[in-house]
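Protein chains in written order, with this note's numbering: chain A, 1 to 196; chain B, 1 to 196.
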DNA sequence: GAATTATTTTAATTCAGATTAAAATTATTG
DNA sequence: CAATAATTTTAATCTGAATTAAAATAATTC
């Protein structure tokens, strides 16, 4: 049986695969990405991927779960570090963007959620919804504590999350641009919500 | 030969098809949408679509061209009607959203541009880029005429267009929500850019 | 270093959904 | 209303990328 070290190796490879897949999906589109493409990035042949995943659907599904996880991780960290609503929001945006442009990225755009099989689709949708709700709660908290201007949290949340989710559409790994993105984007998004 | 009236009929049917396709792609994802699905919406069989389009790729391509056209139309109208940069921006956002939720929608999300064939891909990318540039120009003009606060137009443009482009991800034809969207979203997006 | 397990490969197979062909229907024109 | 063109259908075909099977290699364990 596998020792914990071997499990770690397996998990490491699997994560490498998910990142490679996310990269391919973002750059070539879902239908434009064959398992061959993903395997090429990893220096493997396509059937090798089946050692880690049941099929292509599951690969996308796992990419999306990972995307959701990283988003949640960013928000959790922001929540634990932030002083008030606005601070939490700014931190969350920064951390999330850092994930996208940093060495844990890229993060897959959730373009093909509807074509997942029902259980997977529901799970991913649930993760998305929860994340959205949690973000709205941050806005709400900020409004209450006076750090964020009053606003329609539902719409504002959608607006900001849309900007975030769209980033992989135009950011393709340019380091310099990534730097700017991390440093400037959060404040651009938050600008409309400051109280001063 | 076809009279102009018949050409109109053909064009009308083709537009119906593009709208049906956009609806399917947005709701079911690209890979989750078969030509059968699109045909079903129209009350036709799949091979009938080939009367209007060479293949599925071209169908997506035309959806994207149409998306770009409608965006451009919204911006053109805003430019011709707006008094200053901010006014143009607000009008553009409203008009574009009206298209999405109104009877000329839905507008396809450009998720699969990378999997188009090279010529089509380049053309669509060009349209996208141009639209982005034109929107940035509006921001720039607004900054110059004092109606829009100074900002990084590139990033701000990306932020706002991201929010716009993501709308079809969460808006699925609810009329009441559509109303709110048209009325509230533009100001939410513009809020960070006002000078007062 | 032999045995066992983990990982990857090469070589088929498979299959859903795109596409084509030919025929049928519907609309239009003179 | 016959003739022509436009649109759609039914019935095959085709295809490429996903998937499976079996074998080979690499890593690990004892």
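Even glycine gets a Cβ: it sits at the ideal position worked out from N, Cα and C.
Name the residue from the options whose alpha carbon lies nearest to the alpha carbon of residue i.
i	options	result
residue 11 of chain B	B:107, B:24, B:36 and B:53	B:53
residue 169 of chain A	A:60, A:148, A:111 and A:72	A:111
residue 70 of chain B	B:103, B:38, B:43 and B:40	B:103
residue 131 of chain A	A:16, A:142, A:30 and A:161	A:161
residue 147 of chain A	A:38, A:192 and A:30	A:192
residue 189 of chain A	B:157, B:27 and B:56	B:157
residue 155 of chain B	A:61, A:14 and A:185	A:185
residue 134 of chain B	B:79, B:119 and B:118	B:79
Alpha carbon to alpha carbon, how far is residue j from residue i? Give it in angstroms, no decimals.
i	j	result
residue 100 of chain A	residue 109 of chain B	21 Å
residue 90 of chain A	residue 9 of chain B	52 Å
residue 93 of chain B	residue 153 of chain B	16 Å
residue 195 of chain B	residue 182 of chain B	23 Å
residue 75 of chain A	residue 44 of chain B	47 Å
residue 176 of chain B	residue 98 of chain B	13 Å
residue 73 of chain B	residue 46 of chain B	31 Å
residue 172 of chain B	residue 105 of chain B	11 Å
residue 16 of chain A	residue 87 of chain A	32 Å
residue 13 of chain B	residue 13 of chain A	50 Å
residue 29 of chain A	residue 179 of chain A	25 Å
residue 166 of chain B	residue 31 of chain A	20 Å
residue 187 of chain A	residue 159 of chain B	11 Å
residue 127 of chain A	residue 68 of chain A	6 Å
residue 35 of chain A	residue 164 of chain A	27 Å
residue 4 of chain A	residue 27 of chain A	Low confidence applies here, because residue 4 of chain A scores a pLDDT of 38, under 50, leaving its location unreliable; read the following figure in that light. Straight-line Cα distance between these residues: approximately 34 Å.
residue 122 of chain B	residue 143 of chain A	44 Å
residue 82 of chain A	residue 55 of chain B	52 Å
residue 129 of chain A	residue 119 of chain B	38 Å
residue 51 of chain A	residue 51 of chain B	43 Å
Only counting the same chain, and skipping five residues up and downstream in sequence, which positions put a Cβ closer than 6 Å to that of residue i?
i	result
residue 77 of chain A	95
residue 124 of chain B	64 and 113
residue 66 of chain B	18
residue 136 of chain B	153 and 157
residue 33 of chain B	24 and 25
Which residues bound the alpha helix (DSSP H) around residue i?
i	result
residue 168 of chain A	153–170
residue 81 of chain A	56–81
residue 8 of chain B	4–28
residue 95 of chain B	85–101
residue 128 of chain B	118–145
residue 178 of chain B	175–190
residue 36 of chain A	35–42
residue 49 of chain A	46–49
For the putative contact between residue i and residue j, defined by C-beta atoms under 8 Å, what is the C-beta separation to the nearest angstrom?
i	j	result
residue 85 of chain B	residue 145 of chain B	5 Å
residue 38 of chain B	residue 49 of chain B	6 Å
In its own chain, which residues sit with a C-beta less than 8 Å from the C-beta of residue i, not counting the 5 before and 5 after it?
i	result
residue 63 of chain A	18, 21, 22, 25 and 108
residue 139 of chain A	85, 89, 148, 151, 153, 156, 157 and 193
residue 116 of chain A	57, 60, 61, 64 and 124
The ligand FAD and residue i: does any heavy atom of the ligand fall closer than 7 Å to the residue's C-beta?
i	result
residue 118 of chain A	This structure lacks the ligand FAD; in fact it carries no ligand of any kind.
If you drop the 5 nearest sequence neighbours on each side, which residues of the same chain put their C-beta closer than 7 Å to that of residue i?
i	result
residue 141 of chain B	85
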